[in-house]
Amino acid sequence: MALNKLLTIALLCITCTALRILPTAAFSSISTPRTAHKARISSLLMMSADVESETTIADIEEITTFASKNGVDLKFTTNPTRGYRGVAVSKKDPENILGYIEGFIRPAGKVLHADKMEIFKSALYSARRENDSFTGGGTYLGPGLLIAFVCLLHGIENGCQTIEFLAIDDAEFQHKRLIRYYKTAGFEEVRYVGEELKDIPDRLVWGGCGTLMTNDIEQVLQKWTRIIRGANRRMERENNE
17 MALNKLLTIA LLCITCTALR ILPTAAFSSI STPRTAHKAR ISSLLMMSAD
67 VESETTIADI EEITTFASKN GVDLKFTTNP TRGYRGVAVS KKDPENILGY
117 IEGFIRPAGK VLHADKMEIF KSALYSARRE NDSFTGGGTY LGPGLLIAFV
167 CLLHGIENGC QTIEFLAIDD AEFQHKRLIR YYKTAGFEEV RYVGEELKDI
217 PDRLVWGGCG TLMTNDIEQV LQKWTRIIRG ANRRMERENN E
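Per our numbering, residue 17 is the first one in the sequence shown, and the count goes up by one each step.
Following this line, the structure appears as structure tokens:
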């Protein structure tokens, strides 16, 4: 009888001990492993770094390096009258001009005036024939984004806050395409400059009819920086595969 009681007490002690151990063991089995926890922290730190990098505007070195990787060389010149000119040429053939932008910094106000902008389709086709890997500038906005980026950086360095230009209306179909392109690039419509009397001052400034467009330079460059860095990350992933 005494032996039975001792056995019963021993079994109860073992059961209680098991019950006290079980919750701890069960918790450990469903907790995040140490290695996964470290990976999660690392991922969060990388995401934080990415967010921080996307809020900074790319500098001239980053842009020219990105352009070069995508078969484009950028050239930029200024003159004493506050004029500027940005040009994109094929890296394989410096004589092949892909496009250009030129304008000036307005004497009054903090406005970067873009007077002429042109991309040559025939030059892009020629660059692709010369180089199968030519991507047209590395982004869906083409080499125009790269040229404009350099020009807008010049504007910021000289105290400009906004950029203005006229999307020329030479033909209705082409004009609509230009507006779509510039809106995609981050610009906003201001008004249409037509042939009415009230439009004469604007026509004297811009030399024709079209849609006046503008935006804050810093805002546009932040958008373009995200586009360029996103394209650069895709390139790196493809190269590592």
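Each residue gets a CB set at the ideal place from its N, CA and C atoms; glycine is no exception. Predicted model, so just to flag it, every value in this text is computed and none were measured.
If we ignore side chains and look at the alpha-carbon of each, how far apart do residue i and residue j end up?
i, j, result
"N231", "E180", "7 angstroms"
"G115", "E257", "33 angstroms"
"L161", "Y100", "16 angstroms"
"G339", "G152", "Residue 339 lies beyond the stretch modelled for the chain, which goes from 17 to 257, so this question has no answer here."
"S106", "I163", "13 angstroms"
"G210", "Q238", "32 angstroms"
"W240", "N174", "20 angstroms"
"T97", "R122", "10 angstroms"
"S64", "A130", "Confidence at S64 is low in this model, with a pLDDT of 39, below 50, so the placement of that residue should be treated as unreliable; the coordinate-derived value is given next. Rounded to whole angstroms, S64 to A130 spans 36 angstroms at the Cα level."
"T72", "V103", "24 angstroms"
"P110", "K132", "21 angstroms"
"V236", "N255", "29 angstroms"
In chain order, what residues of the same chain lie with their CB nearer than 7 angstroms to the CB of residue i, ignoring the 5 residues before and after it?
i, result
"N147", "G87 and K108"
"A183", "H191, L194, I195, Y198, G226, T227 and M229"
"N248", "F82"
"C176", "I121, K126, V127, L128 and I233"
Apart from the five residues just before and just after residue i, which ones in its own chain have a Cβ nearer than 8 angstroms to its Cβ?
i, result
"E205", "I195, K199, T227, L228 and M229"
"R144", "F150 and G152"
"A139", "S106, N112, I113, L114 and G115"
"S142", "S106, D109 and N112"
Please go through the same chain and pick out, in chain order, the residues whose beta-carbon is closer than 6 angstroms to the beta-carbon of residue i, but skip the five residues on each side of it.
i, result
"I135", "G115 and G160"
"R207", "L228"
"D185", "H191, C225 and G226"
"A201", "L157"
"F203", "M229 and N231"
"K137", "none"
"I243", "T155"
Please classify residue i as buried or exposed, where buried requires at least 16 other C-beta atoms within 10 Å of its C-beta.
i, result
"Q190", "exposed"
"A187", "exposed"
"L128", "buried"
"G223", "exposed"
"G125", "exposed"
"I233", "buried"
For residue i, report the span of its beta strand (DSSP E) as first-last.
i, result
"G102", "G99 to S106"
"D131", "V127 to I135"
"E205", "E204 to V209"
"A183", "T178 to I184"
"E118", "I113 to I121"
"T287", "Any property of residue 287 remains undetermined from this structure, which presents the chain solely from 17 to 257."
Residue i lies in the alpha helix (DSSP H); which residues open and close that run?
i, result
"A74", "Per DSSP, A74 belongs to no alpha helix (DSSP H) and is neither H nor E."
"K239", "I233 to N256"
"T200", "E188 to A201"
"F165", "P159 to E173"
"P217", "I216 to W222"
Taking 8 angstroms as the CB-CB limit, is residue i close to chain B?
i, result
"L140", "Of the protein chains in this structure there is only one, and it is not chain B."
(message) Check whether the stretch 89-104 and the stretch 165-173 are in contact - that is, three or more C-beta pairs closer than 8 angstroms.
(response) yes
(message) Under 8 angstroms, with one C-beta from each stretch per pair, do the stretch 117-124 and the stretch 69-85 reach the 3-pair mark?
(response) no
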